[in-house]
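What follows is a set of notes on a single structure, which appears directly below.
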Amino acid sequence: MLEITNLRDGAILDCTHGFEHDNMLEIPVQGIAPANEVVTVNAIPAERCDRNFSAVVKLTARVNQIEVRSSGYYGERTLTITVLWDKSSFKRYNFFFDDCCFFLRWIALNRPKSIFDEMFLKRLRHIHELYQTKFTLNLFYHDDHHDFSIADFPADYKSEFQSASDWLRLSFHAKSEFPDRPYQNASAEVLANDFDLIYREVCRFAGAESFIPPVVIHWAITHPDNFPVLKERNVRCLTGGYLNAKTSLTEEHHSAVTDIGYHYEKDTAIYLSHKRRLYDRFNDLILHNNLLCCNYDDIESITQRFAGLEQNPSQTLSLMSHEQYSYADYMNYIPDHLDRVEHACKLASENGYEPIWFNHGLLGNDAWEK
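For the sequence shown, the tail end lands on 377 under our numbering, and the numbers increase by one without skipping.
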């Protein structure tokens, strides 16, 4: 047997995992191999003690391979894993809202002087002013609750959206809310057409600079065969629930894999529940687990989730919610929904996390692009 025990294929590593220098990250590699065999790690002789081996490896690129070789009288074995170096990493968070369309309908019907006269956007701007939070609003093309389409949204506010694009972005979510799980079995052509439809509308009424590729699609599920559609449209990261995700207000959490995770297997879901992020080298995508969802987590729960970071720290956090819970005419309206959002952003700031967009650089870190 030849096995690396402290790292897995796709691990995303940073200064918290080893010793970082200007041009390298030194990390320990530990594992097991037959006791009577010679082991090297990236051609470096490993230290041996019984079946255990250890070595220090230097990562020098964004994507790195770690190759372990063992050699003995019964032959040679090779094990290679791929890991990412989150160079010059810092604590940071991404915040997105799913199912967005209510705010656009209100503006289209009421034609206020400013988009920030609308209740939802006004509160988001207030939170941004307090904590510099960057928000992504993932759009439906059609609002099934009011029979409104974003094609009916005027272009009169384009310059205002453009001016706010340093902290407020719009993105694709789905053509409409219903039926549920629209891309679970959809063809690549359907997904591509719906994505492009919303992209064109956003460019029309808010400008191309207001669009950002999404980090999730409706229900966080589509077959991996459709990933090329997303990759071609510059998607770099996919967030989801992956394990024990709550999918309704009345649902109880349970120890089972949910399918809000793009068909990834259980061991991947479990890993993400602990480590939060993982690189899928087969699809060149980063997977990220959500820390919380404000329409499911109340203020006490949000506080507990941040407190849990002391035992399970992470350099990156994914925070989210759903827009419609902010509106009194929605059947599941939550009066303190936006208070929860503000509380989450406040705690992120107090815990030293900076607001970013996951789709920029490596989860909001542009060190490799400088």
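C-beta: ideal position from N, C-alpha, C; glycine also.
Cβ neighbours of residue i in the same chain (closer than 8 Å, five flanking residues each side left out)
{"i": "residue 11", "result": "36, 37, 38, 73, 75, 86, 88"}
{"i": "residue 23", "result": "96, 320, 322"}
{"i": "residue 368", "result": "374, 375, 376"}
{"i": "residue 59", "result": "37, 38, 39"}
{"i": "residue 51", "result": "62, 63, 64"}
{"i": "residue 193", "result": "229, 233"}
{"i": "residue 309", "result": "299, 301, 347, 350, 351, 354"}
{"i": "residue 79", "result": "41, 43, 44, 45"}
{"i": "residue 330", "result": "104, 105, 106, 107, 108, 109, 110, 127, 144"}
Which listed residue (the options) has its alpha carbon closest to that of residue i
{"i": "residue 377", "options": "94, 310, 326", "result": "94"}
{"i": "residue 283", "options": "296, 25, 291, 277", "result": "296"}
{"i": "residue 268", "options": "249, 353, 357, 285", "result": "249"}
{"i": "residue 306", "options": "222, 352, 30, 123", "result": "352"}
{"i": "residue 136", "options": "100, 63, 329, 171", "result": "171"}
{"i": "residue 83", "options": "333, 334, 184, 41", "result": "41"}
{"i": "residue 287", "options": "221, 231, 187, 217", "result": "231"}
{"i": "residue 181", "options": "161, 138, 203, 164", "result": "203"}
{"i": "residue 211", "options": "244, 165, 52", "result": "165"}
{"i": "residue 91", "options": "329, 66, 57, 159", "result": "66"}
{"i": "residue 289", "options": "304, 278, 197, 271", "result": "271"}
{"i": "residue 317", "options": "358, 343, 342", "result": "358"}
{"i": "residue 327", "options": "190, 100, 311, 27", "result": "100"}
{"i": "residue 228", "options": "311, 198, 114", "result": "198"}
{"i": "residue 242", "options": "281, 120, 273, 294", "result": "294"}
{"i": "residue 71", "options": "245, 311, 109, 32", "result": "32"}
{"i": "residue 311", "options": "355, 279, 273, 342", "result": "355"}
{"i": "residue 143", "options": "117, 162, 108, 158", "result": "108"}
{"i": "residue 162", "options": "200, 56, 362, 213", "result": "213"}
{"i": "residue 300", "options": "278, 281, 336, 346", "result": "346"}
{"i": "residue 158", "options": "49, 117, 207", "result": "207"}
Collapsed DSSP secondary structure at residue i in the structure displayed
{"i": "residue 377", "result": "coil"}
{"i": "residue 65", "result": "strand"}
{"i": "residue 105", "result": "strand"}
{"i": "residue 315", "result": "helix"}
{"i": "residue 60", "result": "strand"}
{"i": "residue 210", "result": "helix"}
{"i": "residue 71", "result": "strand"}
{"i": "residue 10", "result": "strand"}
{"i": "residue 77", "result": "strand"}
{"i": "residue 142", "result": "strand"}
{"i": "residue 296", "result": "strand"}
{"i": "residue 52", "result": "strand"}
{"i": "residue 235", "result": "helix"}
{"i": "residue 242", "result": "coil"}
{"i": "residue 287", "result": "strand"}
{"i": "residue 85", "result": "strand"}
{"i": "residue 229", "result": "coil"}
{"i": "residue 100", "result": "strand"}
{"i": "residue 136", "result": "helix"}
{"i": "residue 19", "result": "strand"}
{"i": "residue 223", "result": "coil"}
{"i": "residue 272", "result": "coil"}
{"i": "residue 44", "result": "coil"}
{"i": "residue 307", "result": "helix"}
{"i": "residue 125", "result": "coil"}
9 Å Cβ cutoff met for residue i and residue j
{"i": "residue 323", "j": "residue 371", "result": "yes"}
{"i": "residue 46", "j": "residue 62", "result": "yes"}
{"i": "residue 139", "j": "residue 216", "result": "no"}
{"i": "residue 313", "j": "residue 292", "result": "no"}
{"i": "residue 302", "j": "residue 344", "result": "yes"}
{"i": "residue 103", "j": "residue 209", "result": "no"}
{"i": "residue 28", "j": "residue 105", "result": "no"}
{"i": "residue 175", "j": "residue 131", "result": "yes"}
{"i": "residue 160", "j": "residue 115", "result": "yes"}
{"i": "residue 34", "j": "residue 25", "result": "yes"}
{"i": "residue 337", "j": "residue 127", "result": "no"}
Residues near residue i by beta carbon distance below 6 Å, same chain, minus five either side
{"i": "residue 195", "result": "233, 236"}
{"i": "residue 167", "result": "122"}
{"i": "residue 183", "result": "147, 149, 151"}
{"i": "residue 205", "result": "146, 148, 179"}
{"i": "residue 13", "result": "37"}
{"i": "residue 77", "result": "9, 40, 44, 46, 84"}
{"i": "residue 200", "result": "none"}
Chain-order list of residues whose beta-carbon lies under 7 Å from that of residue i (same chain, five-residue window excluded)
{"i": "residue 112", "result": "150, 153, 155"}
{"i": "residue 240", "result": "202, 220"}
{"i": "residue 275", "result": "285"}
{"i": "residue 360", "result": "98, 99, 100, 324"}
{"i": "residue 53", "result": "46, 47, 60, 61, 62"}
{"i": "residue 30", "result": "67"}
{"i": "residue 134", "result": "140, 348, 349, 352"}
Beta carbon proximity, residue i to chain C, threshold 9 Å
{"i": "residue 318", "result": "The question asks about chain C, but that chain is absent: this structure has only one protein chain."}
Suppose only complete runs of 4+ residues qualify. What are the alpha helix (DSSP H) ranges in the segment 319 to 374, listed by chain order?
344 to 357
Contiguous beta strand (DSSP E) assignments of at least 3 residues, all confined to the segment 146 to 191:
175 to 183
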